[in-house]
Structure formats: structure tokens, C-alpha cells
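Report on the following structure.
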Amino acid sequence: MEIAGTTLSAVQTILAALQCQELKEIHSMTDYKSQLDDLQSTVETIDSVLRDAAEIKQKLLPHQERRLIDELKDAVFEADDLLGEFVTIAQQKQLLKADGKVS
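Going by the UniProt record's numbering, the letters in the sequence shown line up with residues 1 to 103, in that order.
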């Protein structure tokens, strides 16, 4: 279940990024807070499912397993896109601070 291992690694990276202080500051100042909270909950659920992937693999039919992995991959990619937006905002904020335009 190599795909699940790769996705699990991505999930762990996303969870770590969600704990970034700059990201927390930005999402508290924007209307994205509820989306990030939902994202964190979803990513934690994905993490839990992937940690049990070996057991799930034995219980599910191949078609069901593929569908589950595809859904998890889609969720991880959506999370990655959202985090990319926030990283861009954080970088712009840091540049503005460096230029003395933001207090």
C-alpha cells in the first residue's frame, strides 16, 4: 500500500504546517478560520484512517480500497492547495513587515 504511505507522509506534513504560528495568525485574521479548522479535522481523520490502512486493506475489496485511497488523495491535494494559499499570504505579510509597511 505504497500510495497510502506516500499520502500518510503528505498528511503528516500538512498537520505540521497547520501548527505553524504564522499560519495560525493569518487564519485568525481572515475568514478562512472555519475552513482551516475543518481542514485540520479532515486531515486528522485521514491520518487516523491511513494509520489503520493495513487492517482496512484486509477487510475491503480492491475496488473499495482504490476508491478510499482516491478520496484520501483528493482531500490531501485540496489541503495542500489551501495551505499553499496561506503560505503565499504569510510570505507577503513577511515581505511587507520587512519593508516597514505593516506594524
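C-beta: ideal position from N, C-alpha, C; glycine also.
Taking every protein chain shown into account, the CB of A79 has 16 or more other CB atoms within 10 angstroms, so this residue is buried. Boundaries of the alpha helix (DSSP H) around Q64: P62 to A98. Taking each of L15, L36 and S9 in turn and checking the Cα distance to E85, the smallest one comes out for L36.
In this structure, the CA atom of L39 is about 18 Å from the CA atom of L68. With a threshold of 16 other beta carbon atoms within 10 Å, L83 meets it and is buried. Under a 10 Å Cβ-count criterion, L72 is classified as buried, with 16 or more other Cβ atoms of the shown protein chains found around its own Cβ.
The residues Q40, in chain order, have a CB closer than 6 Å to that of L18 in the same chain once the five nearest residues on each side in sequence are set aside. When DSSP states are grouped into helix, strand and coil, Q19 belongs to the coil group. The residues V11, L72, A75 and V76, in chain order, have a CB closer than 7 Å to that of I46 in the same chain once the five nearest residues on each side in sequence are set aside. In summary, L96 is exposed, with fewer than 16 beta-carbon neighbours lying within 10 Å of its beta-carbon over all protein chains present.
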